[in-house]
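Each remark here refers to the structure printed beneath this line.
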Amino acid sequence: MRAIFDELILHANRDYYRQQAEAVGLEETVQFFAYTGPEVQLHVAVAGPENGSVVFLLHGFPDSWMGWARQVEALVEAGYRVIMPIQRGYDRSDKPEAVEDYRLEALGDDVMGIMDALNIEQAQLVGHDWGGALTWWLAAHRPDRFTSATVLNCPPIKVLARALWSNPNQFWRSWYVMLFQVPGLAEVMLSARDYGALRGAMVGEAQKGAFRREEIARYMEAWRQPQALRGMLSWYRAARFSLRAPEPALIELPICVIWGRADSALHTSLIEPSVERCTAARVHRIEGASHWVQRDAADEVNAIVLAHLDAHRSQEKGVA
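15 is the number that UniProt numbering gives to position 15 of the sequence shown; each next residue is one higher, with no gaps.
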């Protein structure tokens with residue numbers, strides 16, 4: 001097992017990730033491993049007791065495992081084994097060249113590959129932004145591997161696609177999705193002014209103090225990694241492949257949806273069509289919280305997430 005989920009592989013990156021952990025105050029809590037799968041090697045942050053029930057925290061754009069910094073200790077204290085992949089295309093994880101390698105099916109295979117490497121039959125999912133889109137996909141297509149899913153401020157990809165063309169308000173909120181489809185141009189624009197647009201998407205959107213200066217410095221290091229912007233943007237560019245995939249008629253996995261009502265990119269009108277195919281969904285709208293709801297309202301989010309996880313706690317134990 002250690003041949004494909006190995007701490008030693010990360011020797012050259014240990015100081016780099018330790019600095020990230022220090023920036024978010026988790027240097028005594030988080031360990032880092034490398035998962036080597038059939039297509040990619042991903043770096044993975046792990047916390048919590050080795051025999052704890054497993055929960056995956058899946059980050060979105062332009063985030064990293066650090067986006068979950070306000071959740072990790074609460075989950076660990078509740079006895080969970082927390083697995084946070086630095087997803088393909090991000091930071092120092094691998095960045096395949098082909099856009100189709102970022103379709104949701106391939107991204108889902110990464111999560112299940114990590115589970116298989118650790119002999120985890122079932123786990124629970126929590127995802128934000130694109131990590132939320134991936135959570136929706138896994139809940140719909142691989143319910144056999146998960147006991148619950150929690151999604152923060154993200155609809156299923158097909159719900160968003162329909163809203164872009166039917167809802168002018170949502171179209172203007174999501175104009176950047178069109179820009180991101182243009183190779184080269186989007187990378188240049190996002191890296192301009194020392195990644196000013198990406199910094200603004202975090203610090204400018206979230207409540208004051210949600211992201212500290214030292215945290216943003218570590219995010220900027222992640223964005224500067226070779227081909228990182230291309231890899232991150234490939235999630236958007238691969239959406240056309242994911243939109244072609246058929247979907248089950250119903251999502252029967254227990255779903256918890258958490259939505260910051262002050263999200264400037266994804267309107268709350270996306271919630272109802274997101275849950276209409278779910279047989280067991282609970283929705284929590286959080287006043288005053290932005291797209292970065294897990295940062296803006298960490299205590300409230302943690303209480304909601306833990307209640308959902310505890311209600312559907314997997315009997316599988318972590319072994320990483």
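The C-beta atom is built at its ideal place from N, Cα and C for all residues, glycine as well.
Can you give the beta carbon distance from Leu266 to His291, rounded, assuming they're within the 8 Å contact cut?
-> To locate residue 266, count along the sequence shown from 1; it is residue 266. To locate residue 291, count along the sequence shown from 1; it is residue 291. At roughly 7 Å, the Cβ-Cβ gap stays under 8 Å, so Leu266 and His291 are in contact.
Check whether the Cβ of Trp65 lies closer than 7 Å to any heavy atom of the ligand HEM, and answer yes or no.
-> Summarising the ligand content, the structure contains no ligands, and the ligand HEM is consequently not present.
Whose C-beta lies closer than 8 Å to the C-beta of Ala228 among residues of the same chain, with five residues either side of it excluded?
-> Along the sequence shown, one-based indexing puts residue 228 at 228. The residues are Gly89, Tyr90, Asp91, Lys95, Ala222.
Taking contact to mean at least 3 C-beta pairs separated by less than 8 Å, is the region 181-194 in contact with the region 41-61?
-> no
Pull up the distance between the alpha-carbon of Ser242 and that of Gly37, whole angstroms please.
-> If you number the sequence shown from 1, residue 242 lands on position 242. If you number the sequence shown from 1, residue 37 lands on position 37. Ser242 and Gly37: Cα-Cα distance of roughly 21 Å.
Thinking C-beta only, is Pro156 closer than 8 Å to Trp136?
-> Translated into positions along the sequence shown, residue 136 becomes position 136. Translated into positions along the sequence shown, residue 156 becomes position 156. The answer is yes: Cβ separation under 8 Å.
Name the two residues that bound the continuous beta strand (DSSP E) containing Pro85.
-> Position 85 of the sequence shown, counting from 1, holds the residue named residue 85. Run containing Pro85: 80-86, per the beta strand (DSSP E) assignment.
Which residues in the same chain as Arg2 place their Cβ atom closer than 6 Å to its Cβ, once the five residues preceding and following it in sequence are excluded?
-> The sequence position of residue 2 within the sequence shown is 2, counting from 1. At Arg2 the pLDDT is 44, less than 50, meaning the model places this residue with poor confidence and gives no usable figure here.
Buried or exposed: where does Lys208 fall if 16 or more other Cβ atoms within 10 Å of its Cβ makes it buried?
-> Against the sequence shown, residue 208 aligns to sequence position 208. Classification for Lys208: exposed.
Note down the Cα distance separating Phe180 from Met232, rounded to an integer number of angstroms.
-> Here the question's residue 180 lines up with position 180 in the sequence shown. Here the question's residue 232 lines up with position 232 in the sequence shown. Going from the Cα of Phe180 to the Cα of Met232 covers about 10 Å.
Provide the residue span of the beta strand (DSSP E) that contains Trp259, from first to last.
-> Residue mapping note: residue 259 aligns to position 259 of the sequence shown, counting from 1. Residues 255-260.
Start-to-end residues for the beta strand (DSSP E) that takes in Ser53 = For the purposes of this step, residue 53 is taken as the residue at position 53 of the sequence shown. Residues 53-58.
Cα-Cα, which of Glu28, Arg81, Glu73, Ala117 is closest to Leu42?
-> Start at 1 with the first residue of the sequence shown, and residue 42 comes out as number 42. Considering only alpha carbons, the answer is Ala117.
Rounded straight-line distance, which links the Cα of Arg173 to that of Gly260 = For this step, residue 260 is matched to residue 260 along the sequence shown. For this step, residue 173 is matched to residue 173 along the sequence shown. About 15 Å.
Ranges of the alpha helix (DSSP H) found wholly within the region 184-237, counting only runs of at least 4 | 185-199, 213-223, 228-237
Can you grab the Cα-Cα spacing for the pair Ile114 / Arg81, in whole Å?
-> Translated into positions along the sequence shown, residue 114 becomes position 114. Translated into positions along the sequence shown, residue 81 becomes position 81. The straight-line gap from Cα to Cα measures roughly 14 Å.
On the premise that Ile251 lies in contact with Thr279, defined as a C-beta separation below 8 Å, what is that separation, rounded to the nearest angstrom?
-> If you number the sequence shown from 1, residue 279 lands on position 279. If you number the sequence shown from 1, residue 251 lands on position 251. So it is a contact: roughly 7 Å between Cβ atoms.
Contact check, Tyr236 vs Val151 under 8 Å by CB: the rounded distance?
-> Taking the first residue of the sequence shown as 1, we reach residue 236 at position 236. Taking the first residue of the sequence shown as 1, we reach residue 151 at position 151. With a Cβ gap of about 18 Å, Tyr236 and Val151 do not count as contacting.
Provide the residue(s) that pair with His128 in DSSP beta bridges, ordered along the chain.
-> Start at 1 with the first residue of the sequence shown, and residue 128 comes out as number 128. In DSSP, His128 forms a bridge with Leu152.
Expected contact under 8 Å - CB spacing of His205 and Ser269 to nearest Å = For the purposes of this step, residue 205 is taken as residue 205 along the sequence shown, with counting starting at 1. For the purposes of this step, residue 269 is taken as residue 269 along the sequence shown, with counting starting at 1. Checking the sequence shown, residue 205 turns out to be Glu, not His. 19 Å between Cβ atoms; not a contact.
Are Leu104 and Ala139 close, meaning C-beta to C-beta below 8 Å?
-> Sequence index remark: in the sequence shown, residue 104 carries index 104 (1-based). Sequence index remark: in the sequence shown, residue 139 carries index 139 (1-based). No, these two residues do not count as a Cβ contact at 8 Å.
Have a look at Arg240, Arg230, Asp296, Val275 and flag the residue whose alpha-carbon is nearest the alpha-carbon of Ala262.
-> Walking along the sequence shown from the start, residue 262 turns up at place 262. Cα-wise, what sits closest to Ala262 is Asp296.
Can you tell me which of Glu247, Glu300, Gly108 puts its alpha carbon nearest to the alpha carbon of Trp130?
-> Sequence index remark: in the sequence shown, residue 130 carries index 130 (1-based). Of the listed residues, the one whose Cα sits closest to Trp130 is Gly108.
Would you identify the three-state DSSP class for residue 348, choosing helix, strand or coil?
-> This structure cannot settle anything about residue 348, because the visible part of the chain is limited to 1 through 320.
Less than 8 Å between the CB atoms is what I'm expecting for Leu44 and Val72, so what's the real figure, rounded?
-> As a first step, residue 44 must be located in the sequence shown, where it is residue number 44. As a first step, residue 72 must be located in the sequence shown, where it is residue number 72. Note that residue 44 is Val in the sequence shown, not Leu. Going by Cβ atoms, the distance from Val44 to Val72 rounds to 13 Å, so no, they are not a contact pair.
Run the CB neighbour count on Met220, radius 10 Å, all protein chains shown included, and call it buried at 16 or more, exposed below.
-> Along the sequence shown, read from residue 1 onward, the residue named residue 220 stands at position 220. By the 10 Å Cβ count, Met220 comes out exposed.
Where Ala320 sits in the DSSP three-state scheme = Locating residue 320 in the sequence shown gives position 320, counting from the first residue. Annotation note: pLDDT 49 at Ala320 (below 50); position unreliable, coordinate value reported separately. Ala320 falls in the coil class under three-state DSSP.
To the nearest angstrom, report how far apart His128 and Ser64 are at their CA atoms.
-> One-based indexing of the sequence shown puts residue 128 at position 128. One-based indexing of the sequence shown puts residue 64 at position 64. One C-alpha to the other measures close to 11 Å.
Near Val40, what residues of its chain come up, given a Cβ to Cβ distance below 6 Å and the 5 sequence neighbours on each side ignored?
-> Against the sequence shown, residue 40 aligns to sequence position 40. Arg88, Asp94.
Answer with buried or exposed for Ser274, where buried requires no fewer than 16 other C-beta atoms within 10 angstroms of its C-beta.
-> As a position in the sequence shown, residue 274 is number 274, starting the count at 1. Buried, by the Cβ-count rule.
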